[in-house]
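Have a look at the structure below before the remarks.
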Amino acid sequence: MAMIEIFVPDIGDFDEVTVIEFMVKVGDTVKADQSLITVESDKASMEIPSSAAGVVKEIKVKMGDKVKQGSLVLMLEVAGAAEVKTAVAPAAAAQVAPASVAPVPLAAAAPIAVAGPVDVRVPDIGDFKDVAVIELMVKVGDTVKLEQSLLTVESDKASMEIPSSAAGVVKEIKAKVGDKVNVGDLVLVLEGVAGAAPAPAAAPAAVAAAPATPAAAQASVAAAAAAPAAVAVPAHAPGGTTLGLPHASPSVRKFARELGVPLNEVKGSGLKGRITEADVQGFTRSVMSGAVQTLAIAAQAKASGSNDGAGLGLIPWPKVDFAKFGPIERKELSRIKKISGANLLRNAVMIPAVTNHDDADITDLEAFRVSTNKENEKSGIKVTMLAFLIKACVAALKKFPEFNSSLDGDALIYKQYYHIGFAADTPNGLVVPVIKDADKKGIFQISTEMGELAKKARDGKLGPADMSGATFTISSLGGIGGRYFTPIINAPEVAILGVCKSQMEPVWDGKAFQPRLMLPLSLTWDHRVIDGAAAARFNVYLGQILGDFRRVLL
Ligand code: CAO
């Protein structure tokens, strides 16, 4: 065993950087090149890697310390090798570049919001040349925020995320994985968003105002993206965000992306609210724990055998030797079925749920849906009734806010966002992906996202982020059939809408029966939170909107 010292390596032009995060503790076994601490200058955050594999014996810096090239970071005990007994000198350590350098949103510091096409180019990335594109983080059609990471590039020394220099919708991606890019290279074209917040006074003059023409927009944003003078790193807003983006190091971002964890939903526990790897792990654990707790309830209920209700004080589940009566085959439940079964059991047992049934006249809406799909045949986006139902439910949730709430002991939490879950049938069982901020999205965007999420669901690729945060759920069996059913509330939500297949029915208009297309609705609600009268009003209002969608505008 030998002890070596790990120093801050060559960190480029940065004189002094602040220690903002520890990624290891005394006693940890680390690999060569594993990140040890994160340091931050006013321009970038960097992770300092270990120059050898070993066990951390002593950490020589503390949170908030200012360090520079050559500062001693920690003592590492390395295996055997007498020849490494001498401390790694700063000069040697300098060969080990930071494992990952945060994106320096160089020219993108001002909220650049323009109408028309916007070229996004590789900003000033220091001395790095011919960096390889290793990951695309957006796709055509995505709406991106200013400074949102678009792609990851990697040199032999560092990986960097290239941020967007404007807010908008991705129209074209000019780079592909494996491409080598340099400062000023065009990586992506955005359709800029008009009318967003004006740039602050400190913004470069070229981008302070939204240019009048798309051509001008393109020119000025491209100029801004390439201008090294416009270096400015976003100020850290309270709550640990960077101009509204979560504050986290590149490796933590990568880790979160791999797990599908939405960083903006994670509470940072690090310095200035910075999100650490442990925070991301904690978030994943909390999403999963709902399922685990319900599995525990189910396990308790099992008590003395499969599906035995003894744990709940019920008479035992009947045990039958089915083979006595004919041939049988035994198959294990899928993982999804085990988890969702436990959730459904808890929700069915614990919620005093009531279901109201009603019908909505969707004759005109269906005609509009069919003609819309005809008009947009070439776009490839198909609008289904479910997209309209999501929008109609948002309007009803806004009118009856207790349906968009959750119980917290003796209090109600009213959510001011509208994330709508929809039950999706997959070969492995039922999953509920979530359309986030449905109130802010149009029917086309909702349809597109639903299609993507349903595909991900069928492919078994939904992550926790895709399935968390719903405030209300719709379960549609409209594509299959049936009349009415009693959906089970997806706790901690307080209501769920079940929808069946619409069909032509004779409806009395006061003088005669008219053929109308009627959609069966089944609303299940938590009686602890919602009264029967409110539920009936919710259904009536929903029916009115579906009957005449112009009401959404009122
Ligand atoms: N009435 C009549 N027809 C309907 C309808 C309704 N309420 N809803 C959908 N349809 C039609 C669609 O228009 C489509 O017809 P065409 O193919 O002729 O255009 C067809 O039914 C298939 O629709 P879909 O099911 O593919 O699309 P969707 O947007 O309605 O639903 C999804 C998407 C993912 C929710 C659905 O595929 C699904 O998985 N549904 C099952 C949900 C479920 O299992 N719920 C039960 C939970 S409780 O165990």
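Counting from 1, one number per residue, gives the positions in the sequence shown under full-length UniProt numbering.
Using N, Cα and C, we set each Cβ at its ideal position, and we do this for glycine too.
### Task
Between the Cα of V520 and those of D526, K501, R537, G429, spot the shortest distance and give me the residue it belongs to.
Counted from its first residue, the sequence shown places residue 520 at position 520. Looking at the sequence shown, residue 520 is not Val but Pro. When each option's Cα is compared against that of P520, the closest is K501.
### Task
Would you grab the beta carbon distance between I480 and I420 for me? Rounded to a whole angstrom, and I think it's under 8 Å.
Here the question's residue 480 lines up with position 480 in the sequence shown. Here the question's residue 420 lines up with position 420 in the sequence shown. Incorrect: roughly 20 Å between the Cβ atoms, too far for contact.
### Task
Kindly indicate which three-state DSSP category L344 falls into: helix, strand or coil?
Residue numbering aside, residue 344 sits at position 344 when the sequence shown is read from its first letter. Helix.
### Message
Residues in the same chain with beta-carbon distance under 7 Å from F14, minus the five sequence neighbours each way, listed in chain order, please.
### Response
Position 14 of the sequence shown, counting from 1, holds the residue named residue 14. Only S41 meet the Cβ criterion.
### Message
For the ligand CAO, I want to know if S334 counts as a neighbour, meaning its beta carbon is within less than 7 Å of at least one of the ligand's heavy atoms.
### Response
Against the sequence shown, residue 334 aligns to sequence position 334. Checking the Cβ of S334 against the ligand CAO gives no.
### Query
When every heavy atom of the ligand ZN is checked, does at least one fall within less than 7 Å of the C-beta of A454?
Of the ligands one can find in the structure shown, namely the ligand CAO, none is the ligand ZN.
### Message
If distances are taken between C-alpha atoms only, which option among A256, G184, G126, V169 comes closest to A141?
### Response
Taking the first residue of the sequence shown as position 1, residue 141 is located at position 141. In the sequence on display, residue 141 carries Gly and not Ala. Comparing Cα-Cα distances from G141 to each of A256, G184, G126, V169, the minimum goes to V169.
### Query
Under a three-way DSSP split, which group does R537 fall into?
Here residue 537 is taken as the residue at index 537 of the sequence shown, counted from 1. If DSSP states are grouped into helix, strand and coil, R537 belongs with the helices.
### Task
Would you kindly check if the distance between the Cβ of A166 and the Cβ of V118 is under 8 Å?
Position 118 of the sequence shown, counting from 1, holds the residue named residue 118. Position 166 of the sequence shown, counting from 1, holds the residue named residue 166. Going by C-beta atoms, V118 is nearer than 8 Å to A166.
### Task
Could you check what DSSP says for R528 in three-state terms: helix, strand or coil?
Working through the sequence shown from its first residue, we reach residue 528 at position 528. Note: R528 maps to coil in three-state DSSP.
### Task
Within the same chain, show all residues whose beta-carbon is closer than 6 Å to that of V507, passing over the 5 residues directly before and after it, in chain order.
The residue given as residue 507 occupies position 507 in the sequence shown. Q514, R516.
### Task
Give the DSSP-derived three-state secondary structure of V349 in the structure shown.
On the sequence shown, residue 349 is found 349 positions in, with the first residue counted as 1. Note: V349 maps to helix in three-state DSSP.
### Query
Any chance the stretch 382–397 sits against the stretch 428–441, with 3 or more Cβ pairs inside 8 Å?
yes
### Query
Which of helix, strand or coil does DSSP assign to P111?
Counted from its first residue, the sequence shown places residue 111 at position 111. Residue confidence is low: P111 scores 35 on pLDDT, short of 50, so the model does not pin down where it sits. No coordinate-derived value is stated.
### Query
Got a sec? Which residues, its chain only, sit under 6 Å from S71 by beta carbon, not counting five neighbours each side?
Residue mapping note: residue 71 aligns to position 71 of the sequence shown, counting from 1. Same-chain partners within the cutoff: V8.
### Message
Going by DSSP, what residue range makes up the alpha helix (DSSP H) through V177?
### Response
Translated into positions along the sequence shown, residue 177 becomes position 177. Neither: V177 is in no alpha helix (DSSP H) and is coded neither H nor E.
### Message
Could you compute how far the alpha carbon of T486 sits from the alpha carbon of F400?
### Response
Along the sequence shown, one-based indexing puts residue 486 at 486. Along the sequence shown, one-based indexing puts residue 400 at 400. Distance between the alpha carbons of T486 and F400: 21 Å.
### Query
Taking Cβ positions, are V55 and T29 nearer each other than 8 Å?
Residue mapping note: residue 55 aligns to position 55 of the sequence shown, counting from 1. Residue mapping note: residue 29 aligns to position 29 of the sequence shown, counting from 1. Closer than 8 Å, so yes.
### Task
Please name the residue in M63, T471, N428, K319 whose C-alpha comes closest to that of E332.
In the sequence shown, counting from the first residue as 1, residue 332 sits at position 332. Comparing Cα positions, the closest option is N428.
### Separation of A79 from G469, as counted between CA atoms
Working through the sequence shown from its first residue, we reach residue 469 at position 469. Working through the sequence shown from its first residue, we reach residue 79 at position 79. C-alpha separation (whole angstroms): 47 Å.
### Task
Express the C-alpha separation of S249 and L151 in angstroms, rounding to a whole number.
The residue you call residue 151 lines up with position 151 of the sequence shown. The residue you call residue 249 lines up with position 249 of the sequence shown. Spanning the two alpha carbons is a distance of roughly 15 Å.
### Query
Taking just the CA atoms, how far does V120 sit from V221?
The count along the sequence shown starts at 1 and reaches residue 221 at position 221. The count along the sequence shown starts at 1 and reaches residue 120 at position 120. With a pLDDT of only 26 at V221, under 50, the local geometry of the prediction cannot be trusted, and no value is derived from it.
### Query
Which parts of the UniProt domain "Peripheral subunit-binding (PSBD)" (247–284) are runs of the beta strand (DSSP E), unbroken and 3 residues or longer, counting only runs that do not cross its ends?
none
### Query
Could you check where the beta strand (DSSP E) with residue 631 kicks off and where it finishes?
Within the shown structure, residues of the chain are numbered from 1 to 554, placing residue 631 beyond reach of any answer.
### Query
If you follow the beta strand (DSSP E) that M3 is part of, which residue opens it and which one closes it?
Here the question's residue 3 lines up with position 3 in the sequence shown. Counting along the chain, the beta strand (DSSP E) containing M3 begins and ends at 2–7.
### Same chain only: Cβ atoms within 7 Å of I11, ignoring 5 sequence neighbours per side
As a working mapping, residue 11 is identified with position 11 in the sequence shown. Hits under 7 Å: V17, M46, Q69, P98.
### Message
At a cut-off of 7 Å, would you count G543 as near the ligand CAO, judging by its Cβ distance to the nearest heavy atom?
### Response
Locating residue 543 in the sequence shown gives position 543, counting from the first residue. G543 Cβ: outside cutoff for every heavy atom of the ligand CAO.
### Task
May I ask you to list the residues that DSSP assigns as paired with R516?
If you number the sequence shown from 1, residue 516 lands on position 516. Paired residues: E505.
### Message
Measuring only from the beta carbon, is M504 closer than 7 Å to any heavy atom that is part of the ligand CAO?
### Response
Indexing the sequence shown from 1 puts residue 504 at position 504. The answer is no for M504.
### Message
Tell me which residue opens and which closes the alpha helix (DSSP H) that A411 is part of.
### Response
Taking the first residue of the sequence shown as position 1, residue 411 is located at position 411. From DSSP, A411 is part of no alpha helix (DSSP H) but of the beta strand (DSSP E) over 411–414.
### Query
Where A367 and M385 are concerned, what is the direct C-alpha to C-alpha distance, given to the nearest angstrom?
In the sequence shown, the residue the question calls residue 367 occupies position 367. In the sequence shown, the residue the question calls residue 385 occupies position 385. Whole-angstrom Cα-Cα distance: 11 Å.
### Task
With hydrogens ignored, establish whether the beta-carbon of L36 is closer than 7 Å to any heavy atom of the ligand CAO.
Mapped onto the sequence shown, residue 36 falls at position 36. The answer is no for L36.
#### Entry: Between the CA atoms of G463 and L259 - distance to the nearest angstrom
Translated into positions along the sequence shown, residue 259 becomes position 259. Translated into positions along the sequence shown, residue 463 becomes position 463. Going from the Cα of L259 to the Cα of G463 covers about 7 Å.
### Message
Between K441 and the ligand CAO, is there a pair consisting of the residue's CB and a ligand heavy atom that are separated by less than 7 Å?
### Response
Residue numbering aside, residue 441 sits at position 441 when the sequence shown is read from its first letter. Because no heavy atom of the ligand CAO lies under 7 Å away, the Cβ of K441 does not count as near it: no.
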